[in-house]
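Structure representation (structure tokens):
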């Protein structure tokens, strides 16, 4: 079992890579679905606005769209805060007691709730929550118990074990059945709990499906249910359903003779809304108390009705019919009603952001929440920023989807002003959005510094002056010219100042002159399609300096490039692939937002890929940031929404579900990326080794699917692929080490099969020229030992080439040869220097006439000859070893150190001169080692360079010229936190080590010097391995060159 884990670790952590070069050569990669541009363009993180995980200030005194209500037997009130993504519990005195979920963060994981609509407490004090697509159950003190469905609860569906926008849950009187209103599926689902005798059910608390109430499975007047919401059960066991869109309340009884439910209209008239005491207008909830008194939340009429179960004597209980208001006698839209054991009635006044309490006579008692203030705001936090735009003066604008605001920042990220009321929708000139949606895409700024905002839910474009004052509005709902249906974004042409509106639900882009005169339409009105005349959900648009129009055709997963002639247009696919072919490879896009720079580079916010991809004007891929499953570190995204560029080429990305906007600058000071990410293959995500052979640089890339690749860069910076497929064996997934010995290039491999078992163990290949057809295998099957999973390191010491194996079964082995020929290798050491759990040797060097080997936590060993039996343990401070490097008459060593499995990993630096075990000197120097691990070393020019890993910020590079004082010489991760150094410790099962063991795993194979530049390869799991070369002689920021 241990060996399998180790194999997985090697797969996941195979090392760094360095790259440059010719686009034509890089396009040789078979798996590359997109053409590749010239390397050298990169984006580096420089800052952000917003606070990760905090859409707004936490408060217990505000309610963000209160929906469902429940009062338990102790008179504690539970409120489902739909947009606040939590359930809030207040005690009988009205004081806050606790909450479920995380404020403002709508996710599906155990501690999160995505738009909870209702809550109920069972007889065992368990709390049941209905939310976006599932049901969750908690203990009374907030411990998560279960989700239904358990499998992928975030997926909506129409199967018997799936929901689509469920609204409320109710228990039968004997608590043996559960009723769930499955609104968008127009049905009520019935469940029971597992009991003895139910096949396959072992847990008595788990729900299982038993039946459905809908037009096909019950006797229902009319055409069945239309968006059923509220549910209640009376003392006779009858089920009441708030049949929302049918404007009625149904009473249903189970017929044992037919095994069906018989339903009749209890209140209202089917499909007829009204304001008298016999009609309803969109009533979402019903509650029946212990005395069978019925309370109806008649939302659209802004009132609560009180009836008896006999269906008569219905009267107005609270509110004023059809008269919304904000005082204590009025409601706006009511979403729920409930009572407590004392007969007090609680009303969820959703739109007014409050819950009102009345006594049993309908007299107002108190308010939970603050009128029309769903949450507190400050100058730091953003509530789902969806769009961004930059002005020529350095300022920029952000629009919030949930926050419903337009916010202006200066060039330094200081908030200047806002338009809109946080979390409050409206259709006047100072509000945005409606109850069903907010601001969905990029605004645009014209030459007069006016900002144009697509007010999506209100089907209009709002225009504001540079100081935030209202200028004008245009558009209304419809399909005509100057009419819109959910417009998502706006763009302005740099050529003629025409205004482009992505009229998404109308499946078109409308074009207006700068004076708002209609000019042209791209697309066919309300007719989605995938040919070049049609769009399917065009959500974004951008125009370059040549007048080309780029349309983000989201559902078609493509970007269309269009030209406009007099009254006509012509579009072709610029980048993308059919929807069913979308994956994480470069060139596949789900274009939520677009931006284009003066050089014609197109920036695509790839929503499904969680990344931004950049293409040149010929649709050749240049670079990407973000990707994978996302994250909260810098350069990671959780649903990238908008992209925009300022005058200096800085890129702004609205990171929607991280509640921030990140800023990136083009280029990295003193460094240049010399390859396209992963050489165009996102799966080639690790540069495992770099070396110089002859006059060329060689880079090894990990590729689990096709086999390791070797790329060669010549002195003129041209790359060519010399080994595409693991030397003809796809199971050779990585080359972990390369070295030159007696005029030949040697490469050691990791060999593994698709099921992660080893097929042929580690191999060594060699070549006289490095050419594709000039490689011979000189070592196979791990020197005849299948446990030697890989050739972990190669080194030349004296007249011999040495090979280190990775062996988790019986311990690392050390072999050598004076010829390198097949069959001419001798074992110098086996069994991990007598320690079977010593799996590898980190470093092998020659210093002052002796050879030194540092291991993965079993000390250092030395030899004067390197021969078998000549290796002796050294007296070291803590019995460890790390990366070794000769520098200024010292032998330097960096190690990873941890006091135990739960302690952080840090770097410690040591050096010696005699190196007899008596003169080790700790010289940690002036850098903070508490957040770092790895610690590879390399000498370049007059300095010693340390390469380390910060798990939050990425690869770090520091330099010293005296061994004690260190300076940073690069941006962390080259501006991308996902650019990482090799870090064995964090990939390992740390529980297998005792607390006193100091583990070190350092790999310096992906660092080298070539053509008087320092080359560094990275691991980047989401964007492909990158190779960077130093440019210390220039010392200038690329943005200055652009200006």
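Numbering (the working numbering), first residue to last: 998 to 2040. By construction, the Cβ of each residue, glycine as well, lies at the ideal position given by its N, Cα and C atoms.
When DSSP reads this structure, residue 1315 sits in a beta bridge with 1301.
Within the model, the alpha-carbon separation for residue 1823 versus residue 1830 is close to 16 Å. Within the model, the alpha-carbon separation for residue 1305 versus residue 1055 is close to 41 Å.
In terms of Cβ geometry, residue 1634 and residue 1652 form a close pair [threshold 8 Å]. In the DSSP assignment, residue 1837 falls outside any beta strand (DSSP E) and carries neither an H nor an E.
DSSP links residue 1705 through a beta bridge to no other residue. Rounded to whole angstroms, the Cβ separation of residue 1057 and residue 1078 is 11 Å, and the two are not in contact under 8 Å. Uninterrupted beta strand (DSSP E) stretches at least 3 residues long and entirely within the region 1836-1912 occur at 1838-1844, 1847-1852, 1857-1860, 1880-1884, 1887-1894 and 1903-1909, given in chain order. Counting along the chain, the unbroken alpha helix (DSSP H) around residue 1829 starts and ends at 1828-1831. Burial check for residue 1322: the Cβ neighbour count within 10 Å stays below 16, so the residue is exposed.
Taking residue 1791 as reference, the option from 1381, 1745 and 1806 with the minimal CA-CA separation is 1745.
Sequence-distant Cβ neighbours of residue 1249 in its own chain, meaning closer than 6 Å and more than five residues away, are 1236, 1258 and 1260. Straight through space, the alpha carbons of residue 1189 and residue 1253 are spaced by roughly 17 Å. DSSP assignment within the region 1047-1122 yields the following whole beta strand (DSSP E) runs of 3 residues or more, N-terminal first: 1063-1068, 1074-1078, 1083-1087, 1093-1098 and 1115-1118. In the structure shown, residue 1623 adopts extended strand secondary structure according to DSSP, grouped into three states. For residue 1780, the enclosing alpha helix (DSSP H) covers residues 1778-1781. Distance from the CA atom of residue 1418 to the CA atom of residue 1320, rounded to whole angstroms, is 23 Å. The DSSP-derived three-state label of residue 1349 is helix. Per DSSP, reduced to three states, the secondary structure at residue 1156 is coil, with no helix or strand assignment.
Across the set 1141, 1666 and 1890, the C-alpha of 1666 shows the shortest separation from the C-alpha of residue 1967. In this model, residue 2010 and residue 1624 are separated by some 30 Å (Cα to Cα). Comparing C-alpha distances from residue 1184 to each of 1133, 1238 and 1191 shows the shortest one belongs to 1238. Residue ranges of uninterrupted beta strand (DSSP E) with 3 or more members, entirely inside the region 1653-1714 and ordered along the chain, are 1657-1663, 1668-1670, 1684-1690, 1693-1698 and 1706-1710. The C-beta separation of residue 1335 from residue 1353 comes to about 12 Å, leaving the pair out of contact by the 8 Å criterion. The straight-line gap separating the alpha-carbon atoms of residue 1232 and residue 1524 is approximately 52 Å.
Judged by their CB atoms, residue 1490 and residue 1451 are not nearer to each other than the 8 Å cut-off. Per DSSP, residue 1724 lies in no beta strand (DSSP E) segment and is marked neither H nor E. When DSSP states are grouped into helix, strand and coil, residue 1437 belongs to the coil group. Distances from the alpha-carbon of residue 1739 to those of 1766, 1563 and 1389 put 1766 closest.
Sequence-distant Cβ neighbours of residue 1043 in its own chain, meaning closer than 6 Å and more than five residues away, are 1660 and 1662.
The C-beta separation of residue 1132 from residue 1067 comes to about 14 Å, leaving the pair out of contact by the 8 Å criterion. Inter-segment contact for the region 1365-1382 and the region 1391-1403 is present: three or more beta-carbon pairs are separated by less than 8 Å. Shown here, residue 1577 sits in a helix according to DSSP, grouped into three states.
The Cβ-Cβ distance between residue 1557 and residue 1570 falls below 8 Å. Non-local C-beta neighbours of residue 1368 in its own chain, meaning closer than 8 Å and more than five positions away in sequence, comprise 1323, 1349, 1350 and 1351, ordered along the chain. As computed with DSSP, residue 1583 is found in no beta bridge at all.
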